[in-house]
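Numbering (this note's numbering), first residue to last: 12 to 132.
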Amino acid sequence: MNKKILLIEDKPGLSETLKSLLELHHYDVITAVNGNEGLRLARGHKPDLVISDIYMPVLNGYDMLELFKKDEQLKKIPIVMLSAKTEIDEINLAMKKGAAGYVTKPFLFRNLHAVIRDALR
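Next comes the structure, spelled out in structure tokens:
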């Protein structure tokens, strides 16, 4: 059975590309355009992993991460954060809030895939 990934990304081009690459690696992928939609879809679909951008409209990745960690249904789902921010403070903040991984944009898919595999273990 394929692992289910919820991809939360507000940039359509990146979202479509990542979805295609993940599907090529035999993941089932659900997409959302902001953290609010991501929360709703996570409750309905129970993904094995979430990949989320940090800076998005409506509900950003940090606030969404906090809501996931407070929700009994969602708190055990690993969340990998994606961001163009490379500062150590940003990475530390994401990890402190409970992220299972942090990948900086631009990235090589194989690096993201390694983080995904680790988070799913």
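Note that the Cβ used here is the ideal one computed from N, Cα and C, for glycine as well.
Tell me whether I127 is buried or exposed, calling it buried when 16 or more other Cβ atoms sit within 10 Å of its Cβ.
buried
Pairwise C-alpha distance: D64 and I88
16 Å
Using DSSP with H/G/I as helix, E/B as strand and the rest coil, what is V44?
coil
Kindly confirm or deny that the stretch 59-73 and the stretch 98-115 touch, where touching means at least three C-beta pairs closer than 8 Å.
yes
Check whether the stretch 43-55 and the stretch 76-84 are in contact - that is, three or more C-beta pairs closer than 8 Å.
yes
Distance between M12 and D74 (C-alpha atoms, nearest Å):
31 Å
Identity of the residues DSSP links to K15 by a beta bridge:
D39
Could you name the residues of the same chain whose beta carbon sits closer than 7 Å to that of K86, not counting the 5 residues immediately before and after it, in chain order?
F79, K80
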